[in-house]
Amino acid sequence: MSTQPAPTTASPDDAPAADAPATDGHAGPTDAERVTTQTLRALKTAGTPIAMLTAYDYTSARLLDRAGVDVLLVGDSASNVMAGHETTLPMTLDHMIYHAQCVVRGTGRALVVVDLPFGSFQGNTDEALASAIRVMKETGAHAVKMEGGEAVTGAAQRIVEAGIPVMGHLGLTPQSIYEFGTWQVRAEDEAEADQLRRDAERLEEAGCFALVLEKIPAALGKEVSETLSIPVIGIGAGDGCDGQVLVSHDLLGLSTDFNPRFVRRYARLDERIVEAVERYVEDVRGRAFPSEEESY
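Our numbering applies: residue 1 is where the sequence shown begins, and numbers increase by one.
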């Protein structure tokens, strides 16, 4: 199958302006208004909620960036929604770097944050720093995210000291699912809630620029958001956080076999896609596609 375009004769009017940027036909947005970690802090100060979504590929990243999302998280949830695994544990650093490269190429405004996957930072601070450096050098992303509390503060601080922004993640941490043994709400009892409060403060002290809180009581999410000076972004943590994050496949109705309480579906693209493909198959079977206008 050839994708080479047929030769054409261009008129002078078709020529790009001298100062026009070169493109491959799929130009992404410009970097004129790139969101930074300081932008997020300013949004918190102003009381403006931060909108964050996951992205794993170039095409979806372009669309989400166009829609005005502040932060795109290249999440290890790609293990679930892109690769079909039950957990996030199979994702490797190489996998994350590949997905991040695709997302960065599709964005010009959103801050791009990349999950450090399980096994890439837990060993020691040297390993953690090396993993973060690889992500930054090989992808062009703007920050990394780490799951965990007190146990990862040393690694987080070392990465920050190397000049790499770090986002923390507490509450339900999917990389620790076999420790938890369940996907239930975390920090409902006071002992675990107290530990989460301490961990949040330690991550801020380690230099994290933001914190994700997943699947915890709304009152606790609001309390932590008000206590910390850094932005706190919730997923199933109530409306008192400084921002919200969802897996884009859940929001768009592409992963309808996953129905947690905290997900709001803004579309049912699964149905739209199936309908479109069914029409395509019908047209092919009936020789209604391609038409004369769609042929050379």
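Cβ atoms here follow ideal geometry from the backbone N, Cα and C, with glycine treated the same way.
query: If Ala267 sits next to Leu252, beta carbons under 8 Å apart, how far is it from one beta carbon to the other, in whole angstroms?; result: 5 Å
query: Rounded to whole angstroms, what is the Cα-Cα separation between Ala61 and Asn259?; result: 23 Å
query: Going by the CB atoms, is the gap between Gly168 and Arg186 shorter than 9 Å?; result: no
query: Just list the residues that DSSP pairs Ala191 with in beta bridges.; result: None, per the DSSP bridge assignment.
query: For the alpha helix (DSSP H) containing Asp283, name the first residue and the last one.; result: Leu269 to Arg285
query: With the cut-off set at 9 Å, would you say Asp239 and Ile233 are in Cβ contact?; result: no
query: For the segment 151-164 against the segment 211-225, are there 3 or more C-beta pairs whose distance is under 8 Å?; result: no
query: Around the C-beta of Ile235, are 16 or more other C-beta atoms found within 10 angstroms, so that it is buried, or is it exposed?; result: buried
query: Short of 6 Å in beta carbon distance, which residues of its chain neighbour His142, apart from the five on each side in sequence? Order them along the chain.; result: Leu111 and Val112
query: Report the three-state DSSP secondary structure of His142 (helix, strand or coil).; result: coil
query: Secondary structure at Val224, three-state DSSP: helix, strand or coil?; result: helix
query: Terminal residues of the continuous alpha helix (DSSP H) containing Met96?; result: Leu93 to Arg105
query: Near Ser255, what residues of its chain come up, given a Cβ to Cβ distance below 6 Å and the 5 sequence neighbours on each side ignored?; result: Val81 and His249
query: In the DSSP assignment, find the unbroken alpha helix (DSSP H) run with His307 in it and report its ends.; result: Residue 307 is absent from the model: the chain starts at 1 and stops at 296.
query: By DSSP's criteria, Ile235 is part of a beta bridge. Which residues make up the other side?; result: Glu214
query: Taking 8 Å as the cut-off, does the segment 200-211 touch the segment 121-136 (at least 3 CB pairs, one atom from each stretch)?; result: no
query: The beta strand (DSSP E) spanning Gly108 covers which residue range?; result: Taken as a continuous stretch (DSSP letters only), Gly108 belongs to no beta strand (DSSP E), as it is neither H nor E.
query: Out of Ala156, Gln38 and Phe262, state which residue places its alpha-carbon closest to the alpha-carbon of Ser229.; result: Gln38
query: Between the alpha carbons of His85 and Glu292, how many angstroms are there, rounded?; result: 43 Å
query: Which value, in whole angstroms, describes the spacing of the CA atoms of Asp283 and Thr54?; result: 34 Å
query: Is the beta carbon of Pro174 closer than 9 Å to that of Glu147?; result: yes
query: Cutting at 7 Å between CB atoms, please list the residues of its own chain near Pro16, excluding the five before and the five after it.; result: With a pLDDT of only 38 at Pro16, under the threshold of 50, the placement of this residue in the model should not be trusted; the figure read from the coordinates follows. Nothing meets the Cβ criterion.
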